[in-house]
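Since the structure comes first, as structure tokens, the remarks are kept for the end.
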Amino acid sequence: MTAPVGTGRLAGKVAFITGIARGQGRSHAVALAREGADIIGIDRAADVATMGYPLGTADELAETVALVEKTGRRIIARVGDVRDRAALADLLATGVRELGGLDIVVASAGISPPARRLWEIPPEQWDDVIGINLTGVFHTLAASVPHLLAGRKGGSIIVISSGAALNRVPNLSDYVTTKNGVIGMAMSLANEVAHRQIRVNVIAPGTVNTPMVTANTQQFHLFRPDLPNPTVDDCREGFAASMPMGRPWLEPEDISQAVVFLSSDEARWISGVVLPVDQGNTNRRY
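According to the working numbering, the sequence shown is numbered sequentially starting from 4.
Okay, structure coming up:
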């Protein structure tokens, strides 16, 4: 996908984004920077033992920093875990002080576990998924909102959920639990902060071309149960067949365009919305 040319519609804004080392988080950081925003970012930059695929690295985080700086915007980025409230608070305090405030929050960090039936999920896998995907979003929002309130100029919070939550995908009950949980969290928060002109919305992406999908081999049998050890190429047809518009997956930049819109003044009266970006997949199922 060709990157769109920025229009400066986020000039003067500061955005805090989690999970920026690669994938959607990196794409969101670069897209917001291209539109004029300075970036505060964090990523674990290390694997999680219970996951079936490699996570982002410190080198990839450094590459994201370089890509943001290439747009001409500033970025303050650190290695850190969203389960660590103190680390988030310290980074935000530094970022707000050095960049001049906070206007946008994108809770993007997440992991996608091996596919298992509920009663077969190891407790340690459950704890990691809940900790990063649900509690991590709680810590992200709880650490961010006071800065938005202190700025006295409103703001936009965007939580990245998943089409898997809306479509109640089986064999991923830990993941689906977290992605439904953040929807409820965001909708409740939207009611708490609306009077301060802070908007809270959720994006529910469909299948996206990131390592969370393409390197997550322990989920491939969901799409090709007829094969003993399916590859991502084997799954491509299954991915495409599962989507009404027929593409195997979207690109991270497709989700980022929704993030940019919800961050901008064009969406200034939109709050409490769950926006599927999924080729119409959720609509087909209801």
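The C-beta atom is built at its ideal place from N, Cα and C for all residues, glycine as well.
| Check | Outcome |
| --- | --- |
| Within a Cβ cutoff of 7 Å, which residues of the same chain sit near Asn174, ignoring the five residues on either side of it in sequence? | Ala118, Arg119, Arg120 and Leu225 |
| Measure the alpha-carbon distance for Arg77 versus Ala69 and round it to whole angstroms. | 10 Å |
| In whole angstroms, what is the alpha-carbon distance linking Ser274 and Ala197? | 8 Å |
| On the CB-based measure, 16 or more other CB atoms within 10 Å of its CB, does Asp41 come out buried or exposed? | buried |
| Extract the residue ranges of the alpha helix (DSSP H) inside the region 141-211, only unbroken runs of 4 or more that lie entirely within it. | 166-170 and 176-196 |
| For Ala261, which option in Leu253, Leu278, Gln222 and Gly249 has the closest C-alpha, if you only look at C-alpha atoms? | Leu278 |
| Would the beta-carbon of Val203 fall within 8 Å of that of Val185? | no |
| Between the alpha carbons of Gly83 and Ser115, how many angstroms are there, rounded? | 18 Å |
| Note the first and the last residue of the continuous beta strand (DSSP E) segment covering Ala19. | Residue identity differs from the one stated: residue 19 is Phe in this sequence, not Ala. Where Phe19 is concerned, the enclosing beta strand (DSSP E) stretches over Val17 to Thr21. |
| In terms of residue numbering, what span does the alpha helix (DSSP H) encompassing Ile42 cover? | Looking at the DSSP string, Ile42 is not in any alpha helix (DSSP H); the run it does join, the beta strand (DSSP E), is Asp41 to Asp46. |
| Taking only three categories from DSSP, how would you classify Ile273? | coil |
| Out of Gln200, Met246, Asn183 and Asp237, which one is the CA nearest neighbour of Gly209? | Met246 |
| Over the uninterrupted alpha helix (DSSP H) stretch that includes Ala261, give me the two end residues. | Pro255 to Ser266 |
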